[in-house]
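Numbering (this note's numbering), first residue to last: 96 to 410. Beta carbons are placed, not taken as given, at the ideal position from N, Cα and C, and that holds for glycine.
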Amino acid sequence: MILEILTQTVYQRVIVGSALIGLSCGFLGCFTYLRRQSLVADVIGHSSMLGVSLAFLASVLLLGVDGRNMLVIVVMCGFVGVLATLATTWLPKGTRAGTDAAMAVVLALTFGGGMALLAEIRSRPFPSSKAGLEDYLFGNATTLTWQDIRINAVFAVVAILVVLVFWNDIALLVFDRDAARVLGRSVRLVEVLLVGATVVGIVIGLKSVGLVLVVAYVVLPSAAARQWVDSLGAMAALAGCFGLLSSVVGSVISVVAGKVPSGPTTVLVLTAIMLVSLFLSPKRSVLMRARRRHEARDRLLAGVASGAAGGKDAA
């Protein structure tokens, strides 16, 4: 039955498109996770609502093409996402607002502005169909076309290549920003490149995943991979594999189960992988940490008992 379903083109697009998104978000999300900026992915996702609305207007009014053109949407959402991310970084430096407050302000401004603009687009006549714009809120992988997947693949490859080319500088930025400055590295340029690559990895998944759940594609594979490995390269590779595997399994489950969206199903699979990693990884799992604490306590008690016995003998 599964093979019969997978021979249908629409389901092939769902699986391939979701796998591409899981791989790229998992790989690129590691750097956001390690910098303790996981919720920035939520800001990027919600800011994309403004990007989608602006992309529709730019496509129809300036370029004269279909307002749902995937290339324009990815470029515009990427531009808005980069600005939103940089704003959450720079606002706390120039004002007394904390990072959490800056994220809340940027998220509310971009998402609220995008929803208001989308409402205006719906209420006015345009020489282009508006159907499908609301899918970016919750995602709908069945609306992906092969053209969309090819465009997403190109952007994903470029984003990953940027990270690989600047790997050493990015690793230094992630783990020791001050050392990067001392060594004369262009910290601001590297940060912008890293932010841009991460934003691209997120926005290409909006059509199939939706801006509400895309943060899970960024955070959960990275958090799960961190439990198993120690090096950055291994973590990025494993997170990409977790994202890829979860997307394929989640898509297949959604297809077999019937009218079940692939995005939430994939998130449930990612959550399962995360829980397994938390409890069963050989070094950092909850069980291993409890075992080490128990063994340390036993050694301490044995040492105290041995010391007490030695004191009695000496007396």
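Next item on the list: Give me the Cα-Cα distance between Glu-286 and Ala-319, rounded to the nearest whole angstrom.
Entry: Residue numbering aside, residue 286 sits at position 191 when the sequence shown is read from its first letter. Residue numbering aside, residue 319 sits at position 224 when the sequence shown is read from its first letter. C-alpha separation (whole angstroms): 24 Å.
query = Under 8 Å between C-beta atoms, does Gly-328 make it to chain D?
reply = Checking the listed chains, one finds no chain D in this structure; it contains a single protein chain.
field: Nonlocal neighbours in the same chain, by C-beta distance under 8 Å from Val-177, ignoring five residues either side
entry: Taking the sequence shown and counting its residues from 1, the one referred to as residue 177 is at position 82. Cβ neighbours of Val-177 beyond the five flanking positions: Val-287, Val-290, Gly-291, Val-294.
Limits of the unbroken alpha helix (DSSP H) element including Glu-229:
As a working note, residue 229 is residue 134 in the sequence shown. Per DSSP, Glu-229 belongs to no alpha helix (DSSP H) and is neither H nor E.
- Message: Going by C-alpha to C-alpha distance, which of Ile-110, Gln-103, Ser-119 sits closest to Ile-299?
- Response: Your numbering for residue 299 matches position 204 in the sequence shown. Cα-wise, what sits closest to Ile-299 is Ser-119.
Quiz item: So, do the segment 133-151 and the segment 202-222 have three or more beta carbon pairs nearer to each other than 8 Å?
Solution: yes
So what's Gln-322 in DSSP terms, helix, strand or just coil? Mapped onto the sequence shown, residue 322 falls at position 227. DSSP places Gln-322 in coil when its eight states are reduced to three.
- prompt: Taking the continuous alpha helix (DSSP H) assigned at Phe-250, which residues delimit it?
  reply: Reading the sequence shown from its first residue, position 155 is the one you call residue 250. First-last of the alpha helix (DSSP H) with Phe-250: 241-260.
- Item | Given Val-304 as reference, the closest of Leu-267, Gly-358, Arg-272, Ala-211 once Cα atoms are compared | Position 209 of the sequence shown, counted from the start, is the residue given in the question as residue 304. Here the closest residue by C-alpha is Gly-358.
Would you report the Cα separation of Met-183 and Ser-133, rounded to the nearest angstrom? Within the sequence shown, the letter at position 88 stands for residue 183. Within the sequence shown, the letter at position 38 stands for residue 133. The displayed chain sequence assigns Thr, not Met, to residue 183. Answer to the nearest angstrom: the Cα atoms are 12 Å apart.
Enumerate, from N- to C-terminal direction, the unbroken alpha helix (DSSP H) stretches of 4 or more residues contained entirely within the segment 330-405.
-> 357-375
Flag this pair as yes or no: are the beta carbons of Val-257 and Arg-272 separated by less than 8 Å?
-> Against the sequence shown, residue 257 aligns to sequence position 162. Against the sequence shown, residue 272 aligns to sequence position 177. Going by C-beta atoms, Val-257 is not nearer than 8 Å to Arg-272.
### Message
Can you look up Arg-217 in the DSSP assignment and give me helix, strand or coil?
### Response
Here residue 217 corresponds to residue number 122 of the sequence shown, with the count starting at 1. Reduced to three states, the DSSP call for Arg-217 is helix.
- Inspect the beta-carbon positions of Leu-360 and Gly-345 and report whether they are closer than 8 Å. Within the sequence shown, residue 360 is the residue found at index 265, counting from 1. Within the sequence shown, residue 345 is the residue found at index 250, counting from 1. The amino acid occupying residue 360 in the given sequence is Thr; Leu does not appear at that position. Their beta carbons are under 8 Å apart, which means Thr-360 touches Gly-345 by this criterion.
| task | Please determine if the segment 156-168 and the segment 214-229 are in contact, where contact requires at least 3 C-beta pairs separated by less than 8 Å. | result | yes
query = Is the number of C-beta pairs between the segment 322-336 and the segment 149-157 that are closer than 8 Å three or more?
reply = no
(message) Can you tell me whether Ala-400 is buried or exposed? The criterion is at least 16 other CB atoms within 10 Å of its CB, across all chains shown.
(response) The residue given as residue 400 occupies position 305 in the sequence shown. Exposed.
Exercise. Under the three-state reduction of DSSP, which class applies to Gly-209: helix, strand or coil?
Worked result: The residue given as residue 209 occupies position 114 in the sequence shown. Three-state result, Gly-209: helix.
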